[in-house]
Each structure stands twice: as structure tokens, then as C-alpha cells.
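In our numbering, the protein residues as written are 293 to 568.
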């Protein structure tokens, strides 16, 4: 028996029953799921091929995490090494997903877990990652761009997703603004509803405002974000479902920054020339 943690006493564990049928689809899927918790406790895999695959998954997560250190928000692509890149001929295969994150190592690890839990044949991100990993191939991560704030990262994420869609790539992104082939329009390309995912600290940095507003009752009162917890998400305030005391209508409104006065108005996503 081969153990990840050699200090533990050998004993049979139900989570390696797949070794008896190592070539079956079910067993390989089980092996993929085993990858997701390697860092949380002792796991062992008898089959050397599956064990080596698990180590390659961890190495890819660590590699992209180190590349993202100290870079703030990064925009990244996940690529499928099992298919040829017909349009831009990238050696790691075509992009299947575009995302943004401030903690890319944690995000990449979550993507790998999604692939382990996915269903083969699905067109969503988890299903496409599962199809790759079932072949014992590790999906490849690539940093495309970086951004100074959360809102600018959403702008860049939308721009990169639309660029790939315009080329003809079929992305697993589900947001409508990411699946469009229209030219990105900066801040206007990000729907207002996405701003509820910002934290209070993000909103202050990106000049996003909250108001208690009711046109019918003539109420227009700004909320001082400085008085709120910086780590709280704006969506948590929205979930309180505040109602106007006069008409019981919607009361809490989010307002995007004025494009002409926004301090980040000069931000532009990077060029695709450096992507390959």
C-alpha cells in the first residue's frame, strides 16, 4: 500500500475500492474526486498512474497560484489540452472558461474539485473539466491579464470572454455578457446586478454607491459605506429586503460610478497579442 501520510497505520479504507476496477469510468471518476481533498488529510492511491495524476493536479494548482502571487486581481483562462486550438494554436489547447479572482490558487483548486464532481458530457464548466480529467489529463490554467480593482477585473473578464467568443471558441461561461460577440464597452459591459457581489471595501475603492431611494415618496438618502464592515458583501444588505416606509416599494438601490468621473476610467484590458 502507498500512503500519502506514511505516519498513519495501514488499514483498509472504503475510498479506494475503485482500485479493483482501475480502468472503469466509475473508478477514474472516483480517483478524480480523491484529488480534491488530498491537502485536507491522508489519502492513498494504490494505482501508480492515478497517484501520479493526482500529483500533477496539485502541481498545476501550485504553479498557477505562484504566478498570481502579488498581482492583485487576475483574469485567467482554463484550457483543454486534449483538443487542438484551431484558431490561435495555443500549445495548451483551446480556452473553455474565462474567470477572474484575487486568490487564484484557491479558485483553481475549486475548479479542480468541480471537475471531480462533474458529470461527463455536460456542456457546463464542471462537465467539461470532468471530461478532460477522466482521461487523466490535467486542465491548464493561464493568466491573461490583471486589474487593480474588483470592478475593473469584471470589465477585463467580460472583454476577454467576448474576444474568445468572437474568434469562435465555445466557452462554458454562463453569464450573458460573457457569451456575446459584441465589442465590449468598458464599464457599460458589466450589468449593474454584478455589483452586488462586491464587498463594502471593493465598493468604496470602485466608487460604487448605495442609496435608500424611492421616487414616489421623494426619498433619496445615500448610505455611508465607511460605517459598514469592509468584508461584508453588498448582496448581504440586499437580502434584508428593505421596503420604503411610505409605499412598501423597493428601497435599497445600487448606483454604478459615473463613467466620465470614475477614477479608473482610463483602465483598459490588455491586448491579445501577448496572450500566446
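We treat Cβ as the ideally placed atom computed from N, Cα and C, and that holds for glycine.
Residue environment, residue i, which counts as buried when at least 16 other CB atoms sit within 10 Å
i, result
"residue 490", "buried"
"residue 417", "buried"
"residue 442", "buried"
"residue 539", "exposed"
"residue 550", "exposed"
"residue 346", "buried"
"residue 370", "buried"
"residue 561", "buried"
"residue 553", "exposed"
"residue 480", "exposed"
"residue 532", "exposed"
"residue 502", "buried"
Supposed contact pair residue j and residue i - C-beta distance, whole angstroms, cut 8 Å
i, j, result
"residue 444", "residue 559", "5 Å"
"residue 517", "residue 482", "19 Å between Cβ atoms; not a contact."
"residue 401", "residue 353", "5 Å"
"residue 475", "residue 365", "Not quite, the Cβ-Cβ distance comes to about 22 Å (not below 8 Å), so this is no contact."
"residue 424", "residue 372", "6 Å"
"residue 428", "residue 341", "7 Å"
"residue 556", "residue 498", "7 Å"
Close-in-space but distant-in-sequence residues of the same chain around residue i (CB under 7 Å, 5 per side omitted)
i, result
"residue 488", "526, 527, 530 and 546"
"residue 421", "403, 406, 407, 410 and 431"
"residue 357", "396, 397 and 400"
"residue 536", "506, 509, 511 and 543"
"residue 564", "455"
"residue 486", "446"
"residue 484", "546 and 548"
"residue 375", "385 and 386"
"residue 465", "389, 390, 453 and 471"
"residue 522", "491, 492 and 493"
"residue 359", "435"
"residue 433", "352, 356, 368, 370 and 400"
"residue 520", "492"
"residue 394", "364 and 365"
Contacting residues, own chain, Cβ-Cβ under 8 Å from residue i (five flanking each side not counted)
i, result
"residue 463", "387, 388, 389, 390, 453, 456, 457, 470 and 471"
"residue 524", "491 and 492"
"residue 459", "379 and 380"
"residue 500", "443, 487, 490, 494, 526, 546, 547, 548 and 549"
"residue 348", "430"
"residue 344", "none"
"residue 263", "Nothing can be reported for residue 263: it is not among the residues displayed for the chain, which extend from 293 to 568."
Contact set for residue i: own chain, Cβ-Cβ below 6 Å, skip 5 residues either direction
i, result
"residue 534", "543 and 544"
"residue 477", "none"
"residue 461", "386 and 387"
"residue 377", "385 and 386"
"residue 448", "367, 437, 439 and 561"
"residue 627", "No information on residue 627 is available, as it lies outside the stretch 293 to 568 that the chain covers here."
Worksheet item: So, do the region 378–389 and the region 467–477 have three or more beta carbon pairs nearer to each other than 8 Å?
Response: Fewer than three pairs of CB atoms, one per stretch, sit closer than 8 Å, so the region 378–389 makes no contact with the region 467–477.
Worksheet item: Which whole runs of the alpha helix (DSSP H) in the region 483–521 are 4 residues long or more, in chain order?
Response: The alpha helix (DSSP H) runs lying completely inside the region 483–521 and spanning 4 residues or more are 492–497, given in chain order.
Worksheet entry | Whole alpha helix (DSSP H) elements within the region 426–471, 4-residue minimum | DSSP runs (the alpha helix (DSSP H)) wholly in the region 426–471: 442–459.
Discussion item. With three or more C-beta pairs closer than 8 Å as the rule, is the region 451–464 touching the region 512–529?
Written reply: Segments in contact, no.
Worksheet item: Can you list, in chain order, the stretches of the alpha helix (DSSP H) that have 4 or more residues and sit fully within the region 339–372?
Response: Runs of the alpha helix (DSSP H) spanning 4 or more residues and lying entirely within the region 339–372 occur at 340–360, in chain order.
Worksheet item: Whole alpha helix (DSSP H) runs in the region 384–418 with 4 or more residues, listed along the chain?
Response: List check, alpha helix (DSSP H) in window: 396–409.
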